[in-house]
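J.: Residue numbers (the numbering used here), protein chains in the order written: chain S, 474 to 1071; chain E, 86 to 410.
Submitted below is the structure of interest, expressed as structure tokens.
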């Protein structure tokens, strides 16, 4: 299968062309290597749990990996080079995997067992102490945390890390904390600190306070129950105040994780070596087994799959952080026992949707007819079958806390769509024979799907006009509010294991604008009010359940988009790589547990 | 000769200017915004404006083109640092300096191209000569048939096949890779041997057929027959008289092939995951990375034009009957 792509600016995306996935902080998924595929269990609504950990759980060292041993070099085969090394510019998963090795932030994720994860203190002693109903969060720094040059990490560095994200040259990283501090949407937060901290101005203590060398206090106007999730994003990893070189930091950052960068030749290679200043006693979630990681870029999915399947020569000690098994080899990987045991698999964070342009299709029965007609199984098959995806019954990914396997349009019962019901609804709407402009990317998967979808829609009574759009410009075209298409697909992944970064992005009517992710142009003040209410809930798990309920209400009452499938992936390693597991939060192999076998 | 070179060089500059203008303006004809690349996940129109300003693409396209061309001749200043001439700017995708990146990738492509060319010239010309020498025999027929079969192959087909056999199954060689010649000559040779041999399979076929037919034609020329009639040995006539004449069509096609091999390196580099100019070009287009696209395009075009000038000049050297005008 092909990964959901990305790197083009806006959110979603499913291009085969470009590159890495946006880094998301969420979820769960069926881990392959260690415990087989758990997707069936997830479909039944079991699983995934995240808790905000206390000081005891945040202490290092991390638990030893069974059989783990020090030494050796791991070869890493990557398709795309790392575009950014400055944490504040990091939002894609390739760099997210790298960040696990070289960067650290106030919080991070720790796998306790299987699907059980904790948000623990990373540089901080715990996941955060909240007060004032979640408007104030306090963090204390651990002892013994240092940059690679040996200098101690202090609260001033944390303040600097946050403040520099307001500077105009920081454009690609997350913006959640900035927006929460400024209590505004969009990029208005930049007005607070136009030049970042570089011309002597700072955020007022009423927003960000550092009373001593070890303490950082965030003050928000509204409760922010999910701050520990947000701070665990790679984009908020610490940057040295004294050694910040602004734009140039992107090429030469100071590392804080178990590894540091010995050399980086953009587009060609990177070598990571042990960081002697990293103290395992301060780190609850990372190990440091291999002496080095030797990363090679420009290796296509096909090439890395063939190399790793062959297990010949240096490929025995090779893996990939983010390259998936390519679609043509997926069957072989799933059925050959020798290769399968070297694979890990699980969910990506992304869900694909068929958006219905509500500015053009205002009749609810027509939208329902489209929803019933969609052949969800066809898109799963196009992405390589069970290894590449799983049919979606609703908008919320099984990787998110609160996910329920609801299925209001009976997708799981009718994998190829319910054409009869669709025809009946269309007839009732009085729109039988209406023209329906269907836009899709000219990527092979979507082209294949378009054939089956068109057949169903035509059988239901639509006059389908297909628009095959070049993959590279697809999101530019459908991102325009005044586009000429009736239905078009997109994909979206959460930023952390809560639908709070899914439902509002996709369906908040106040976010309808060119380039925004509300591709259906869905507007409903009733639901927008509910979104605002859910945001105020201080218990993240309770809020997560409410997001699922709201998502289902939007789906059944307004039908702005049809949930299509949950993306999945399979990854391979050589036979001499140990400790490989599919991290359900990272959505990729976890690099910090890997070791070279004897 | 000097007048010829000056005239052709001026012509080359004009061609490069046209290529640069066409590439630059075509880039903006595609409905794709490079600022989106750097806009993060939750992009908004005002965030895009900030990025367009940072990238310098908020100005009219002709003004951008002017700044770009001035930068090549006189250098420019960017937030990421000074950019001395020839300045092609900084990558939109990762802020790498374009010129340094091209220079870094160039040795890979040159090693691949020149090494491959040497192998296919030696094998192709050798096989063609033998076939011509043994015209009508089983050897001739075998070479001719083989060249027909091989000329229908493609690198992206035969490359993975050779890898599967030689690297993955028989473990005879390591995965192809580029190691600088100056650092490790043996590693350089062994790392590129498979790509060279694969390139050779595709190109050798053409050279075998061409050199065979050209040589047979030359052997029937009056001056060659006269030399034989004077009593010179067959071997002497073959190499001294016929061989030199048979090279003219070879040089023509070699100039074109070397250019296309250089320009088409992207397929070979992609097949073997080698970090040369070809893969750089593909990734730059994929990433809507205008400065890098422009840099690679102009650099490659310069070399292709240069090869053509060299080929034209080489005619006169090989065959004094050809006059440069």
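Idealized CB from N, CA, C, for every residue including glycine.
Just so you know, these numbers come straight off a predicted model, no measurement behind them.
So, do the segment 658–669 of chain S and the segment 689–703 of chain S have three or more beta carbon pairs nearer to each other than 8 Å?
T.: Taking 8 Å as the limit for Cβ pairs, the verdict is that the segment 689–703 of chain S does not touch the segment 658–669 of chain S.
J.: Can you tell me which of the three DSSP states residue 712 of chain S falls into?
T.: As a first step, residue 712 of chain S is located in the first chain; it is residue number 239 there, counting from the start. Reduced to three states, the DSSP call for residue 712 of chain S is coil.
J.: Report yes or no: is there a C-beta of chain E within less than 7 Å of the C-beta of residue 741 of chain S?
T.: The residue given as residue 741 of chain S occupies position 268 in the first chain. It does: the Cβ of residue 741 of chain S has a partner Cβ on chain E nearer than 7 Å.
J.: Which residues of chain S have a Cβ atom closer than 8 Å to the Cβ of residue 135 of chain E, listed in chain order?
T.: Here residue 135 of chain E is taken as the residue at index 50 of the second chain, counted from 1. Those within 8 Å of residue 135 of chain E in chain S are 641, 644, 660, 663.
J.: With the cut-off set at 7 Å, would you say residue 868 of chain S and residue 1024 of chain S are in Cβ contact?
T.: Here residue 868 of chain S is taken as the residue at index 395 of the first chain, counted from 1. Here residue 1024 of chain S is taken as the residue at index 551 of the first chain, counted from 1. Going by C-beta atoms, residue 868 of chain S is nearer than 7 Å to residue 1024 of chain S.
J.: With a cut-off of 8 Å on the beta carbons, I'd call residue 393 of chain E and residue 340 of chain E a contact; round off their distance for me.
T.: Position 308 of the second chain, counted from the start, is the residue given in the question as residue 393 of chain E. Position 255 of the second chain, counted from the start, is the residue given in the question as residue 340 of chain E. At roughly 6 Å, the Cβ-Cβ gap stays under 8 Å, so residue 393 of chain E and residue 340 of chain E are in contact.
J.: Taking the alpha carbon of residue 535 of chain S as the point to measure from, which residue in S/608, S/594, S/846, S/781 has its own alpha carbon closest?
T.: Within the first chain, residue 535 of chain S is the residue found at index 62, counting from 1. Taking only the C-alpha atoms, the option nearest residue 535 of chain S is S/594.
J.: On the DSSP bridge assignment, give the partners of residue 675 of chain S in chain order.
T.: Here residue 675 of chain S refers to the residue found at position 202 of the first chain. Residue 675 of chain S pairs with nothing; no bridge assigned.
J.: Cβ atoms of residue 794 of chain S and residue 570 of chain S: under 7 Å apart, would you say?
T.: Here residue 570 of chain S refers to the residue found at position 97 of the first chain. Here residue 794 of chain S refers to the residue found at position 321 of the first chain. Taking 7 Å as the Cβ cut-off, residue 570 of chain S and residue 794 of chain S qualify as a contacting pair.
J.: Does DSSP classify residue 960 of chain S as helix, strand or coil?
T.: As a working note, residue 960 of chain S is residue 487 in the first chain. Strand at residue 960 of chain S.
J.: For chain S, check one thing: does any of its Cβ atoms lie closer than 7 Å to the Cβ of residue 150 of chain E?
T.: Translated into positions along the second chain, residue 150 of chain E becomes position 65. Chain S, which has no Cβ nearer than 7 Å to the Cβ of residue 150 of chain E, makes this no.
J.: Please tell me whether residue 327 of chain E has its Cβ less than 7 Å away from any Cβ of chain S.
T.: Taking the second chain and counting its residues from 1, the one referred to as residue 327 of chain E is at position 242. No, its Cβ sits nowhere closer than 7 Å to a Cβ of chain S.
J.: Going by DSSP, what residues sit across from residue 728 of chain S in a beta bridge?
T.: Counting from one through the first chain, the residue named residue 728 of chain S turns up at place 255. For residue 728 of chain S, which the question treats as bridged, DSSP gives no partner whatsoever.
J.: Any beta carbon from chain A within less than 7 Å of residue 132 of chain E's own beta carbon?
T.: This model lacks chain A altogether; the protein chains it does include are S and E.
J.: If the criterion is Cβ atoms closer than 7 Å, does the pair residue 228 of chain E and residue 216 of chain E meet it?
T.: By 1-based counting over the second chain, the position of residue 228 of chain E is 143. By 1-based counting over the second chain, the position of residue 216 of chain E is 131. Yes, they are a contact pair.
J.: If I'm right that residue 733 of chain S touches residue 746 of chain S with Cβ under 8 Å, what's the distance once you round it to whole angstroms?
T.: As a first step, residue 733 of chain S is located in the first chain; it is residue number 260 there, counting from the start. As a first step, residue 746 of chain S is located in the first chain; it is residue number 273 there, counting from the start. About 6 Å; that satisfies the 8 Å criterion.
J.: Can you list, in chain order, the residues of the segment 781–800 of chain S whose Cβ is nearer than 9 Å to any Cβ on chain E?
T.: Residues 782, 783, 784, 785, 786, 787, 788.
J.: According to the neighbour-count rule (16 or more other Cβ atoms, all chains shown, within 10 Å of its Cβ), is residue 162 of chain E buried or exposed?
T.: The residue given as residue 162 of chain E occupies position 77 in the second chain. That one is exposed.
J.: For the segment 967–999 of chain S, which residues have a beta carbon sitting closer than 8 Å to at least one beta carbon of chain E?
T.: Cβ contacts with chain E: 968, 978, 986, 987, 988, 989, 990.
J.: At the level of alpha carbons, what is the spacing between residue 828 of chain S and residue 945 of chain S?
T.: To locate residue 828 of chain S, count along the first chain from 1; it is residue 355. To locate residue 945 of chain S, count along the first chain from 1; it is residue 472. Approximately 19 Å, taken between the alpha carbons.
J.: Taking the beta carbon of residue 1068 of chain S as the centre, do at least 16 other beta carbons fall within 10 Å, making it buried, or is it exposed?
T.: If you number the first chain from 1, residue 1068 of chain S lands on position 595. Buried, because 16 or more other Cβ atoms sit within 10 Å of the Cβ of residue 1068 of chain S.
J.: Taking 7 Å as the CB-CB limit, is residue 350 of chain E close to chain S?
T.: The count along the second chain starts at 1 and reaches residue 350 of chain E at position 265. Judged by the 7 Å Cβ criterion, residue 350 of chain E is not in contact with chain S.
J.: Can you give the Cα-Cα distance for residue 252 of chain E and residue 1021 of chain S, rounded to whole angstroms?
T.: Reading the second chain from its first residue, position 167 is the one you call residue 252 of chain E. Reading the first chain from its first residue, position 548 is the one you call residue 1021 of chain S. One C-alpha to the other measures close to 51 Å.
J.: Classify residue 381 of chain E as helix, strand or coil using the three-state DSSP reduction.
T.: What you label residue 381 of chain E is simply residue 296 of the second chain in a count that begins at 1. The answer is helix: DSSP assigns residue 381 of chain E an H, G or I state.
J.: Report yes or no: is there a C-beta of chain E within less than 7 Å of the C-beta of residue 776 of chain S?
T.: Counted from its first residue, the first chain places residue 776 of chain S at position 303. Yes, residue 776 of chain S lies at the interface with chain E (some Cβ there is under 7 Å from its Cβ).
J.: Out of S/719, S/650, S/620, point me to the one whose CA is closest to residue 668 of chain S's CA.
T.: Here residue 668 of chain S refers to the residue found at position 195 of the first chain. Comparing Cα positions, the closest option is S/719.
J.: CA-CA distance, residue 1007 of chain S and residue 743 of chain S?
T.: Your numbering for residue 1007 of chain S matches position 534 in the first chain. Your numbering for residue 743 of chain S matches position 270 in the first chain. In a straight line, the C-alpha of residue 1007 of chain S is about 44 Å away from that of residue 743 of chain S.
J.: Buried or exposed: which applies to residue 806 of chain S, given that a residue is buried once 16 or more other Cβ atoms fall within 10 Å of its Cβ?
T.: Residue numbering aside, residue 806 of chain S sits at position 333 when the first chain is read from its first letter. Looking at its Cβ environment, which holds 16 or more other Cβ atoms inside 10 Å, residue 806 of chain S is buried.
J.: Taking the C-alpha atoms as reference points, what is the distance between residue 181 of chain E and residue 356 of chain E?
T.: As a working mapping, residue 181 of chain E is identified with position 96 in the second chain. As a working mapping, residue 356 of chain E is identified with position 271 in the second chain. Looking at the two C-alpha atoms, the distance is approximately 24 Å.
J.: Any C-beta of chain S sitting closer than 7 Å to the C-beta of residue 259 of chain E?
T.: Taking the first residue of the second chain as position 1, residue 259 of chain E is located at position 174. Interface residue, yes.
J.: Indicate whether at least one CB of chain E lies closer than 7 Å to the CB of residue 949 of chain S.
T.: Looking up residue 949 of chain S in the first chain gives position 476. By this cut-off, residue 949 of chain S is an interface position.
J.: Please classify residue 937 of chain S: is it buried, with 16 or more other beta-carbons within 10 angstroms of its beta-carbon, or exposed?
T.: Position 464 of the first chain, counted from the first residue, corresponds to residue 937 of chain S. Buried, since its Cβ has 16 or more Cβ neighbours within 10 Å.
J.: Could you tell me the distance, in whole angstroms, from the CA atom of residue 206 of chain E to the CA atom of residue 292 of chain E?
T.: The sequence position of residue 206 of chain E within the second chain is 121, counting from 1. The sequence position of residue 292 of chain E within the second chain is 207, counting from 1. Answer to the nearest angstrom: the Cα atoms are 7 Å apart.
J.: Going by the beta-carbon positions, is the gap between residue 1064 of chain S and residue 573 of chain S smaller than 7 Å?
T.: Here residue 1064 of chain S corresponds to residue number 591 of the first chain, with the count starting at 1. Here residue 573 of chain S corresponds to residue number 100 of the first chain, with the count starting at 1. Against a cut-off of 7 Å, the Cβ pair of residue 573 of chain S and residue 1064 of chain S comes out as a contact.
J.: Could you name the residues of chain E that residue 826 of chain S contacts, counting a contact when the two beta carbons are closer than 8 Å?
T.: By 1-based counting over the first chain, the position of residue 826 of chain S is 353. Those do not exist, as residue 826 of chain S stays about 16 Å from chain E at its closest Cβ, beyond 8 Å.
J.: As a quick exercise: from S/672, S/670, S/689, S/832, pick the residue whose alpha carbon is nearest that of residue 679 of chain S.
T.: The count along the first chain starts at 1 and reaches residue 679 of chain S at position 206. Nearest of S/672, S/670, S/689, S/832 to residue 679 of chain S, Cα basis: S/689.
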